[in-house]
Amino acid sequence: MNRVDAVSSHVCGGPSNVYRDEKKSDDVVICAALRTAMCKARAAVEHTLVAIGVVCPLLRAAIERTGVDPQTIGDVQISSILQPGPSLVPARMAALMAGIPVEVPADRQCSNGILAVANVASRIKAGYIRTGIAAGVESMSKYDLMAAWNMSLLPDSVLNDDAARSCITQLGTTSENVAARFGITREAQDRMAVESHRKACKAQQDGLFDEEIVPVVTNVVDSKTGKSTTVTVTRDEGCRPDTTLEGLASLRPAFSKEGCTTAGNASQMTDGAACVFLARRDEAERQGLPILARLQGFSAVGVPPEIMGVGPAAAIPAVLAQTGLGIDDIDIFESGTITRKMIRYCVNKLKIPAAKLNPKGGAIALGHPLAATGIRQLVTLLPELRRRKGKIGVVSMCIGGGLGAALVIVNEE
């Protein structure tokens with residue numbers, strides 16, 4: 315049994331719960347799910363999207379669409395990962411250095427948005443609050459990526475510890491590790507990337523993203539002229555309709571000469587935000603708020619940091635065991651990984667049908683605004699479940715430092 319199988323066995327061992335499709339007064343329900351357009355980070359014409367200016371329109375829209383009395387909102391949790399200076403995974407490194415098993419999650423990184431959802435939901439479930447908003451936002455244009463990898467600021471105790479040092483393996487290298495270890499070819503990755511763009515472009519052309527997106531007014535600065543103009547951002551910028559297998563095959567590997575990760579089959583750097591409004595069911599009914607779906611379960615699981623992209627392959631079985639569901643019970647999987655090889659491994663491992671995976675494209679086409687990604691996936695999932703008359707959806711992602719996270723929702727529209 316390899317380490318990934320061992321992790322999956324560890325978190326999924328024992329009898330599963332039995333799923334029952336029943337509504338309870340203390341259910342945590344989703345009353346609104348919104349996002350901004352996903353904008354290319356550091357594009358030639360840069361969008362000056364900053365956290366406050368992006369999140370505020372979403373919060374206002376959530377209040378307006380639900381009709382909630384703002385005085386009754388119990389909590390607002392907004393996640394953002396990229397901060398000035400090194401933004402590594404100190405909790406994960408400390409836990410592993412202390413001898414805590416690799417399966418035990420610490421730090422959340424790219425799942426911080428979904429963790430905000432889980433945190434607000436937990437507070438509602440515990441009776442501390444009755445409504446709340448969870449959001450994620452990232453402005454990758456504003457971040458010095460090199461600062462995150464400034465190893466000179468780390469103590470020798472970290473640099474000399476194999477487990478801690480594995481947590482700071484560059485993400486591109488972890489992607490190559492997955493490909494080498496599990497035999498995932500460059501062609502298979504490129505094919506999935508082409509498919510991601512095809513699905514996203516088709517969804518955009520058909521207007522399937524329109525109801526998800528809240529327009530954001532921002533200034534745009536032309537990098538050549540310095541001229542600033544005001545624009546309203548309403549469309550995702552990463553979708554490329556001209557993506558072809560031949561074009562992707564011509565790209566050079568980004569991390570090693572013999573590697574297979576390229577700019578074409580890896581996720582894009584992106585600016586964006588997303589949010590959901592959550593409530594206890596009886597409170598939503600009391601205020602007459604719309605009920606879109608209910609949260610059914612959440613799981614975060616640790617995996618070996620050097621192959622962190624396999625995280626969903628451990629987290630999805632864990633949350634399915636928790637909720638008493640199986641792969642065949644799920645109508646749509648929204649799964650986010652930084653490269654196609656990582657999602658290819660998870661699809662193969664869990665035997666996820668291609669028709670159920672990211673039906674409107676994934677991070678390769680839409681982008682990966684870190685802390686906003688998980689909630690963006692949730693926002694995209696809900697209307698697609700309704701459109702397909704589906705019932706149950708899963709959101710999952712891999713996480714830097716060696717983790718996976720997954721969340722289950724049940725459609726009620």
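Numbering (this note's numbering), first residue to last: 315 to 727. Here a beta-carbon is modelled for each residue, glycine too, at the ideal position from N, C-alpha and C.
Asked                                                                                                             : Found
Residue(s) in a DSSP beta bridge with C589                                                                        : L348, A449
Segments assigned beta strand (DSSP E), at least 3 residues, entirely inside the region 367-455                   : 390-393, 445-453
Residue from I706, K456, A668, I447 with nearest C-alpha to L396                                                  : K456
Spatial distance of S542 from V534 (CA atoms)                                                                     : 5 Å
6 Å Cβ shell around L680 - same chain, five flanking residues per side excluded                                   : M352, A514, D550, G552
Whole-angstrom C-beta distance between V708 and F647, which should lie under 8 Å                                  : 5 Å
Cβ-based burial, A358 [other Cβ within 10 Å; buried from 16]                                                      : Reliability of the predicted coordinates at A358 is poor, the pLDDT of 42 falling under 50, and no value is obtained from them.
Assigned exposure category for C345 - 16 Cβ within 10 Å defines buried                                            : buried
Alpha-carbon to alpha-carbon, P667 and A580                                                                       : 21 Å
Length of the line joining the Cα atoms of T483 and P618                                                          : 11 Å
Identity of the residues DSSP links to F757 by a beta bridge                                                      : The chain is shown from 315 up to 727; residue 757 falls before or after that span and cannot be answered.
At least 3 beta-carbon pairs within less than 8 Å: the region 585-602 vs the region 445-453                       : yes
Cβ-Cβ distance between V368 and V530 below 7 Å                                                                    : yes
Best match in V434, V343, A355 for proximity to Q582 [C-alpha to C-alpha]                                         : A355
From E726, V722, E727, residue whose alpha carbon lies closest to that of A435                                    : V722
Nonlocal neighbours in the same chain, by C-beta distance under 6 Å from A598, ignoring five residues either side : V343, C345, I605
Among S649, R608, G676, the one whose alpha carbon lies nearest that of G625                                      : S649
For R422 and I713, believed in contact at Cβ under 8 Å, the rounded distance                                      : 6 Å
Boundaries (first-last residue) of the beta strand (DSSP E) holding G611                                          : 607-616
Beta bridge counterpart(s) of R594 as assigned by DSSP                                                            : V342
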